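Peer 1: So for the sequence shown, this note's numbering puts the first residue at 236; every next one is plus one. Using N, Cα and C, we set each Cβ at its ideal position, and we do this for glycine too. Computed from a predicted structure; not experimentally measured. Sharing a structure here in structure tokens format.
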Amino acid sequence: MTKFNIKYDADIYNKIYPLQVETGCIIKPLSIQWKYEGNDYSFSASDDQPIASVYLCQDFILVQYAQNKEFPEHHLFLYNLRKEIIKWIKAPELISRETRKYAEKGCIEALGNTVYYGGKKYLKVSVGPSIPEEHYFEQQLLDLTTFNFHPSFANPIYYG
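Shown next, in the form of structure tokens:
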């Protein structure tokens, strides 16, 4: 079983959140380290490559970069446990009427927990318009087998 060692970007998070996990969503990690097939791997956030959130499991890793010259922001990158990029997952189109009035294309804002919907396992992903002053986003579902977004599920959420 692969164990991921986490260091968060704030001291308080290092005191209240788990420092080692086997699976789960990590918000704003400073670094993630693991051993796989006898080799050491890691992701490290930096000013040039900040990491917004990561979903870790025993088969793959999803990384959302905050902003980066190498990777477009607001998208996800699927890695295997050898830290090889498998797929670039682009932000989906917005579905709900509340968010579509601001933009058609969404920006991935955050990763959430896993849920079962229609017998399949999904990861909740918060998607919103790229207009920061608007206060709507929607939760969409990312299929953890195909890595495609569910074509019709969108839970609109208002904040502010």
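Which class does K250 belong to by DSSP, given the choice of helix, strand or coil?
Peer 2: Residue state, collapsed to three classes: helix.
Peer 1: Please classify A301: is it buried, with 16 or more other beta-carbons within 10 angstroms of its beta-carbon, or exposed?
Peer 2: Result: exposed.
Peer 1: Roughly how many angstroms separate the alpha carbons of P264 and Q255, rounded to a whole number?
Peer 2: One C-alpha to the other measures close to 12 Å.
Peer 1: Counting Cβ pairs closer than 8 Å, one from the segment 308-319 and one from the segment 262-276, do we hit at least three?
Peer 2: Enough Cβ pairs lie closer than 8 Å, so yes.
Peer 1: Is Y243 buried or exposed, if buried means 16 or more other CB atoms sit within 10 Å of its CB?
Peer 2: That one is buried.
Peer 1: Spell out the partners DSSP gives T349 in its beta bridges.
Peer 2: T349 is bridged to L358.
Peer 1: Is the beta carbon of A326 closer than 8 Å to that of V362?
Peer 2: It is a contact, given that the beta carbons lie within the stated cut-off.
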